[in-house]
Amino acid sequence: MSRAGPTLKFLLAARQSELRDLEALAHTCSFVTLASELVHALQKERGWSNLYLCHARDGQRATLDALSDQAQARERDLRLFLDGMDCGREGGKARLYNRIAHALYCLDELPELRSRLRQQRIDAPQASAAFTRLIAHLLAVVFEAADTALDADITRVLVALLNFMQGKELAGQERAHGVMGYTAGHFDAAQKARMTELAADQERSFESFERHAPAAIQQAWRQARQHEAPVARLRAMAALTDESHTLDPDLAELWFDLCTVRIDAMLPIAASLTQDLAARCRARIGQAREALHDHRPRPGRLDAALAPPAMLFSVQGRALEQPAADAVGPSMERSLLDTLQAQTEQLHKAGEALAQARGALDEQRDIQRAKHLLMTRGQLSEPAAHAQLQQAAMQTGRPLAEIARHLLKTHRS
Numbered sequence: 001m002s003r004a005g006p007t008l009k010f011l012l013a014a015r016q017s018e019l020r021d022l023e024a025l026a027h028t029c030s031f032v033t034l035a036s037e038l039v040h041a042l043q044k045e046r047g048w049s050n051l052y053l054c055h056a057r058d059g060q061r062a063t064l065d066a067l068s069d070q071a072q073a074r075e076r077d078l079r080l081f082l083d084g085m086d087c088g089r090e091g092g093k094a095r096l097y098n099r100i101a102h103a104l105y106c107l108d109e110l111p112e113l114r115s116r117l118r119q120q121r122i123d124a125p126q127a128s129a130a131f132t133r134l135i136a137h138l139l140a141v142v143f144e145a146a147d148t149a150l151d152a153d154i155t156r157v158l159v160a161l162l163n164f165m166q167g168k169e170l171a172g173q174e175r176a177h178g179v180m181g182y183t184a185g186h187f188d189a190a191q192k193a194r195m196t197e198l199a200a201d202q203e204r205s206f207e208s209f210e211r212h213a214p215a216a217i218q219q220a221w222r223q224a225r226q227h228e229a230p231v232a233r234l235r236a237m238a239a240l241t242d243e244s245h246t247l248d249p250d251l252a253e254l255w256f257d258l259c260t261v262r263i264d265a266m267l268p269i270a271a272s273l274t275q276d277l278a279a280r281c282r283a284r285i286g287q288a289r290e291a292l293h294d295h296r297p298r299p300g301r302l303d304a305a306l307a308p309p310a311m312l313f314s315v316q317g318r319a320l321e322q323p324a325a326d327a328v329g330p331s332m333e334r335s336l337l338d339t340l341q342a343q344t345e346q347l348h349k350a351g352e353a354l355a356q357a358r359g360a361l362d363e364q365r366d367i368q369r370a371k372h373l374l375m376t377r378g379q380l381s382e383p384a385a386h387a388q389l390q391q392a393a394m395q396t397g398r399p400l401a402e403i404a405r406h407l408l409k410t411h412r413s
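Anchor point for the sequence shown: position 36 equals 36 in full-length UniProt numbering, and the numbering is continuous, going up by one each time.
Structure below.
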């Protein structure tokens, strides 16, 4: 009896599985979009909160309230999305759900933080650290969710987006950190070192983004980078200050405004990346659905191979010219073989491309997990955890990702 029936069964199962994976990936892309918008709103609220605490002026409270309202609206969108998740449907999501729980816990603390801010019952470093910790947890969720990516092209865009979001967050930290130094009139040695570190880390993140981003988005990014020059000038000015060489504290607002123009120019880039992700997901889902229903023979694929004197055998181990024992005839046999050959080639090529793209994604994921481990185990802030990893990398001469993997391995054992 021919086994074309079982072959077709598992071929269909493979394509149905691929379709489900792609639909799950589209769901992930929707989450990444919402998280990116919330992170952007929180970054701006963090920066203005520092300005409000360090350099309060008339009208700043109204601006702060408006920024908080914007962040709350984005938070509601994200919570609505998370409420719709079926947590009992899929296995293997423990780390993702744990990250979501941590992020939601920090979001639950936001009303209290905002209240203390407005009552001036918290200083700028503490407020900034609280916002940074929340944003770090949100980015950790994004990195964990992206770990489910299975399509190489989509994974590359995800890697670009994650690195861009990381660079943008570092730019936001620099904005908030700079506000504190400028309002004080000068930067001490530790503040200068932190500013230098933030600038260097941004550049590394954006370089990785550029290596993986689509060409059209890279072009838009080059245009957006025109806003970096004014920030770089004030950055250089800050590096020259000390207790005897001070600056006008009013420059803090100029610093905030220039950084905000720069960071706001990044938002369309992030939006373009998420739109590109959504478009790629839709296209791949369409292809997968078409392939699921398309089992027609591919003309010409086997004609040459079927010419005498060669004898082509099907995957069932008999000659294709031999009559089938059931209702599945030679035409269907050839269709199955054509489809299997095409799918095998596609999976092989996709596997190679995916391995390359996932390598970059895995490095980013491991670094984020290692930072999260240091933050929870050592009660460190996100910048302190990152600095500890970087210091270990410099001392040992090993890549940052390798240090992160070693830390995670040691923790598991």
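We put the beta carbon where it would ideally sit given N, CA and C, even for glycine.
Note that the structure is predicted; figures quoted are calculated from it, not measured.
Inside the region 239-291, DSSP marks no whole alpha helix (DSSP H) run of 4 or more residues.
Shown here for Leu53: same chain residues with a beta carbon closer than 8 Å to its own, the five before and five after excluded, namely Leu117, Gln120, Ile122, Asp123, Ala124 and Ala127 in chain order. DSSP places Ser381 outside any alpha helix (DSSP H), giving it a letter other than H or E. Per the coordinates, the alpha-carbon of Gln218 lies some 17 Å from the alpha-carbon of Ala279. The beta carbon of Ala393 is closer than 6 Å to those of Leu400 and Ile403 in its chain, skipping five residues each way along the sequence. Take the alpha-carbon of Arg398 and the one of Leu64: they are about 43 Å apart. Counting other Cβ atoms within 10 Å of its Cβ, Cys259 reaches 16 or more and is therefore classed as buried.
By the Cβ rule, the region 234-241 counts as touching the region 182-193, because three or more pairs are nearer than 8 Å. Taking Glu144 as the centre and dropping the five residues before and after it, the same chain places the C-beta of Arg95, Leu96 and Arg99 closer than 6 Å to its C-beta, in chain order.
Proximity of the region 165-175 to the region 263-280 meets the contact definition, three or more beta-carbon pairs being nearer than 8 Å. Residue nearest to Arg114 within the set Val179, Asp153 and Glu45 is Glu45 (criterion: CA-CA distance). At a Cβ-Cβ threshold of 9 Å, His372 and His186 do not count as neighbours.
When Ser30, Leu389 and Asp248 are compared, the shortest CA-CA separation from Gln275 is found for Ser30. Each of Ser205, Lys9 and Ile263 was checked against the Cα of Pro230, and the nearest Cα belongs to Ile263. Just measuring C-alpha positions, the residue of Val142, Asp362, Glu228 and His245 sitting nearest Glu174 is Glu228. In this structure, Leu107 is the residue among Leu158, Ala252 and Leu107 with its C-alpha nearest to the C-alpha of Arg76. The beta carbon of Ala291 lies closer than 7 Å to those of Arg15 in the same chain, with the five residues before and after it left out.
Annotated as proximal: Gln43 and Gly172, with beta-carbon spacing under 9 Å.
Here Arg284 is buried, its C-beta having at least 16 other C-beta atoms within 10 Å.
In terms of CA proximity to Glu23, Cys281 leads the group Glu112, Leu389, Gln287 and Cys281.
Distance check between His212 and each of Leu25, Arg156, Glu203 and Leu408 places Arg156 closest, using alpha-carbon atoms only.
Per DSSP, Ile122 lies in no alpha helix (DSSP H) and is assigned neither H nor E. Under the three-state reduction of DSSP output, Pro214 falls in the coil class, being neither helix nor strand. When secondary structure is reduced to three states using DSSP, His186 falls in the coil class, being assigned neither helix nor strand.
Counting along the chain, Ala71 sits inside the alpha helix (DSSP H) bounded by residues Gln60 to Asp83.
In the same chain as Thr246, and ignoring 5 residues on each side of it, the C-beta atoms closer than 8 Å to its own belong to Gly185 and His186, in chain order. By the 16-neighbour rule on beta-carbons within 10 angstroms, His411 is exposed.
Collapsing the DSSP output to three states places His55 in coil. Here Leu38 is not near Leu158, since their CB atoms are 9 Å or more apart. Nearest C-alpha to Lys9 among Gln391, His293 and Ala215: His293. Around the beta carbon of Asp366, 16 or more other beta carbons sit within 10 angstroms, so the residue counts as buried. According to the DSSP assignment, His406 belongs to the alpha helix (DSSP H) that extends over Leu400 to Arg412. By the neighbour-count criterion, in which a residue is buried when 16 or more other Cβ atoms sit within 10 angstroms of its Cβ, Asp201 is buried. Taking 9 Å as the cut-off, the beta carbon of Leu254 is found closer than this to the beta carbon of Leu234. In this structure, Phe206 sits away from Ala176, with a CB-CB distance that is not shorter than 9 Å. Between Ala140 and Arg369, the C-beta gap is smaller than 9 Å, which places the two residues in contact.
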